[in-house]
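Chemist: Below: one structure in structure tokens.
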Amino acid sequence: MKKISLITSLASLAILPLSKLQAQETIKKNGYTLSFESNYTALDPKLKKRLIETFFIVYPKLAKEYNPKTLKSVKFFVDTAYKGVAATADGKVTYSSIWMDKHPEDIDVVTHEVMHIVQDYGRSVGPGWLTEGIADYARFKFGVDNAGAKWILPALKPEHSYKNSYRITARFFAWIEKNEKSGTIKAVEASLRDHTYQPEIWVKLTGKDLDGLWADYVKNPAL
């Protein structure tokens, strides 16, 4: 009986890597490669298809706009154990199966996360709110279906600050691009990657520091 149990256990261990391998898929298109993996057996095939399609739509555009030297190979992993929304590290985006199940329309989480790959700031010399604000600005600018997710840039409120990050900061950046100087955010983004970023760059690019820009934004925040 012990021998049979041992053989059964070894057989089970041998099957695990195979099962994992069967969950992997590699797609190549226009010079980019996406490796897709999931440990969520109930993943909707339509959602998987949209995740893949969104990558191949937005990633080349983000690369062209911000960083042509970005990684050519990216990994997606839909994980049942991850409790957040999504996270990116070392060219791999981990998506929460729980979040994607509840919010399948939030497809542009892909846009935000792969922008982090394009950013490639390493040990960033800039603040975290700036990194996340730029990623959400990229989602605003390049997202494929923000409307479907009911994802919008929030109207300005008295308690807002440009340091709030994410959509609040992204709206401020959209305002700068429209009302101050087009190309400002792209230039700031590049300075974060080459580690030359200093707060004074805003003055150099627009003639105003961040506080001055924010003060003008508060006076007339229309986009």
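According to mature numbering (1 follows the signal peptide of the UniProt record, and there is no 0), the stretch in the sequence shown is residues -23 to -1, 1 to 200, in order. Don't be surprised by glycine CBs; every beta carbon is placed ideally from N, CA and C.
1) Under 8 Å, with one C-beta from each stretch per pair, do the segment 33 to 44 and the segment 56 to 66 reach the 3-pair mark?
2) Let me know the secondary structure DSSP gives E14 once reduced to three states.
3) Relative to the C-alpha of K158, which residue among K134, L28, G184 and I84 is closest?
4) Give the straight-line distance between the Cα atoms of A199 and K134, rounded to the nearest whole angstrom.
5) Along the chain, where does the alpha helix (DSSP H) containing S168 start, and where does it finish?
6) Between which residues of its own chain and S(-5) is the CB-CB distance below 6 Å, once the five residues before and five after are set aside?
7) In three-state terms, what does DSSP make of A151?
8) Under DSSP, the alpha helix (DSSP H) around Y43 begins and ends at which residues?
9) From K26 to Y9, what does the alpha carbon distance come to, in whole angstroms?
10) With 16 as the cutoff for other CB atoms within 10 Å, does R100 come out buried or exposed?
11) What is the residue span of the alpha helix (DSSP H) that E109 lies within?
12) Residues in its own chain within less than 7 Å of residue 212 by CB, not counting five upstream and five downstream?
13) Got a sec? Which residues, its chain only, sit under 7 Å from V87 by beta carbon, not counting five neighbours each side?
14) Name the residue from F117, V91 and I162 whose alpha carbon lies nearest to the alpha carbon of L48.
15) Measure from the alpha carbon of K196 to the alpha carbon of each residue in F149, F117, F54 and L20, then state which is nearest.
16) What are the boundary residues of the beta strand (DSSP E) that includes S73?
Modeler: This is what the structure gives:
1) Fewer than three Cβ pairs drawn from the segment 33 to 44 and the segment 56 to 66 lie within less than 8 Å of each other, which leaves the two stretches out of contact.
2) On the sequence shown, position 37 is the one that residue 14 refers to. When secondary structure is reduced to three states using DSSP, E14 falls in the strand class.
3) One-based indexing of the sequence shown puts residue 158 at position 181. When only C-alpha atoms are compared, the closest one is G184.
4) Numbered from its first residue, the sequence shown carries residue 199 at position 222. Numbered from its first residue, the sequence shown carries residue 134 at position 157. Rounded to whole angstroms, the gap between the alpha carbons of A199 and K134 is 12 Å.
5) Locating residue 168 in the sequence shown gives position 191, where the first residue counts as 1. Where S168 is concerned, the enclosing alpha helix (DSSP H) stretches over T161 to R170.
6) If you number the sequence shown from 1, residue -5 lands on position 19. Residue placement at S(-5) cannot be trusted, given a pLDDT of 45 that sits under 50; the coordinates are not used to answer.
7) Start at 1 with the first residue of the sequence shown, and residue 151 comes out as number 174. In this structure, DSSP gives A151 a helical state, which the three-state scheme calls helix.
8) Within the sequence shown, residue 43 is the residue found at index 66, counting from 1. That run of the alpha helix (DSSP H) goes P22 to Y43.
9) Here the question's residue 26 lines up with position 49 in the sequence shown. Here the question's residue 9 lines up with position 32 in the sequence shown. One C-alpha to the other measures close to 16 Å.
10) Along the sequence shown, read from residue 1 onward, the residue named residue 100 stands at position 123. With fewer than 16 other CB atoms across the displayed protein chains lying within 10 angstroms of its CB, R100 is exposed.
11) Looking up residue 109 in the sequence shown gives position 132. The continuous alpha helix (DSSP H) containing E109 extends over residues G105 to F119.
12) Not covered by the structure: residue 212. The range shown for the chain is -23 to 200.
13) Taking the first residue of the sequence shown as 1, we reach residue 87 at position 110. Only L28, T31, F32 and V35 meet the Cβ criterion.
14) Against the sequence shown, residue 48 aligns to sequence position 71. If we check each option's Cα against that of L48, V91 comes out closest.
15) Position 219 of the sequence shown, counted from the start, is the residue given in the question as residue 196. Distance from the Cα of K196 is smallest, within the candidate group F149, F117, F54 and L20, for F149.
16) Here residue 73 corresponds to residue number 96 of the sequence shown, with the count starting at 1. Per DSSP, S73 belongs to the beta strand (DSSP E) from K69 to S73.
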